[in-house]
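First comes the structure, then the notes that go with it.
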Amino acid sequence: MDVPHNGHMISFTGLEQLSLTGGVAARLLMAIGCGGAIGIDREYRHKAAGIRTNILIAFGAALFTFLSAVVAGEGSANKGQIASNIVQGVGFLGAGLILHNRNRISGLTSAATVFAVASIGMACGAGLYMVAAFATVVVLLSHEFVGAIETRSNLKFFIRVYEARGRDTIAMETAILRAMDRDKQRLSDVERSTIGQMERVTFSVQASNRTHRELEQALRSDKALDELLTFRDWEDE
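So this is what it looks like as structure tokens:
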């Protein structure tokens with residue numbers, strides 16, 4: 720069967736190219752597997768782009784890549800016309816994950832991950848299984864090990880939320896300010912709340928791993944604080 724497209728005829732003999740035979744299903748399933756593996760890692764880190772998002776991105780990129788050659792037809796020299804637009808579409812999607820607040824930019828890693836997952840999906844759609852598998856491993860290693868190396872070597876500044884608990888808000892804030900001055904950190908975005916007889920002072924600090932350890936040690940040793948809790952800001956990526 721011949722179908723007209725852009726002034727020339729596309730041949731779909733028996734619709735063989737659109738069937739799930741000839742490795743088409745394997746390409747799509749490979750894309751789902753690679754996107755799902757990365758999505759599990761992102762879901763574990765409480766990111767907005769989790770399992771379903773990464774699966775759909777990889778699956779969609781793989782399907783568009785496959786259909787690009789099919790729609791172009793056997794005699795066309797521009798088989799990547801549809802696939803070339805994947806980069807633009809993923810760019811808009813990644814831009815939606817980047818948030819610019821007053822003193823920080825978050826979501827850059829998530830946006831870059833979406834970009835990489837789309838490329839993995841394209842590799843799957845092209846039947847490049849080994850390339851897709853290798854790229855998936857690289858992305859996972861980048862998330863798990865490169866980030867850990869950056870943190871432990873104090874190369875990366877990350878945000879940690881501190882919650883001080885006690886009975887005297889003024890004494891706690893004075894102790895916090897004293898510790899922050901010692902580490903040359905600026906105290907901002909302070910939140911206060913009262914639960915029964917317990918006062919809570921919450922604030923966030925962006926610093927290296929070494930600075931966080933020093934600040935936490937100084938606050939825990941101060942008698943003005945009955946208890947100190949720290950939380951990693953999961954949006955800080």
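Going by the numbering used here, the first residue of the sequence shown is number 720, and it counts up by one from there.
C-beta atoms are modelled at their ideal positions from N, C-alpha and C, and glycine is treated no differently.
Could you round the C-beta distance between residue i and residue j to whole angstroms and report it? I think they count as a contact, below 8 Å.
| i | j | result |
| --- | --- | --- |
| Thr-855 | Ile-757 | 6 Å |
| Ala-750 | Gly-840 | 5 Å |
| Glu-891 | Leu-944 | A small fix is needed here, since residue 891 is Met in this sequence, not Glu. So it is a contact: roughly 6 Å between Cβ atoms. |
| Gly-846 | Arg-746 | 6 Å |
| Glu-754 | Val-836 | Note that residue 754 corresponds to Gly in the displayed sequence, not to Glu. Correct: roughly 6 Å between the Cβ atoms. |
| Ser-838 | Lys-766 | 18 Å between Cβ atoms; not a contact. |
Go ahead and label residue i buried or exposed: buried means 16 or more other beta carbons lie within 10 angstroms of its beta carbon, across all protein chains shown.
| i | result |
| --- | --- |
| Ser-957 | Because residue 957 is not part of the residues shown, which for the chain are 720 to 956, the question remains open. |
| Leu-948 | exposed |
| Phe-783 | buried |
| Val-743 | buried |
| Tyr-763 | exposed |
| Asp-721 | Low confidence applies here, because Asp-721 scores a pLDDT of 48, under 50, leaving its location unreliable and the question unanswered by this model. |
| Ser-940 | exposed |
| Phe-864 | exposed |
| Ile-868 | exposed |
Near residue i, which residues of its chain fall below 8 Å by C-beta distance, leaving aside the five closest residues on each side in sequence?
| i | result |
| --- | --- |
| Gly-810 | Phe-834 |
| Met-899 | Arg-905, Leu-906, Val-924 and Leu-934 |
Starting from the C-beta of residue i, find all residues in its chain whose C-beta is less than 7 Å away, skip the five residues before and the five after it, and write them out in chain order.
| i | result |
| --- | --- |
| Arg-951 | Arg-879 |
| Tyr-848 | Met-749 |
Can you find the residues in the same chain that come closer than 6 Å, C-beta to C-beta, to residue i, ignoring five residues on each side of it along the sequence?
| i | result |
| --- | --- |
| His-862 | Asp-760 |
| Val-909 | Phe-922 |
Taking 9 Å as the cut-off, decide whether the C-beta atoms of residue i and residue j are in contact.
| i | j | result |
| --- | --- | --- |
| Arg-884 | Ala-937 | no |
| Leu-748 | Ile-776 | no |
| Leu-844 | Ala-781 | Note that residue 844 is Gly in the sequence shown, not Leu. Going by C-beta atoms, Gly-844 is nearer than 9 Å to Ala-781. |
| Thr-888 | Val-858 | no |
| Leu-786 | Ile-805 | no |
| Gln-916 | Arg-897 | no |
Segment contact, 8 Å Cβ cut-off, at least three pairs: the segment 916-930 with the segment 871-882: yes
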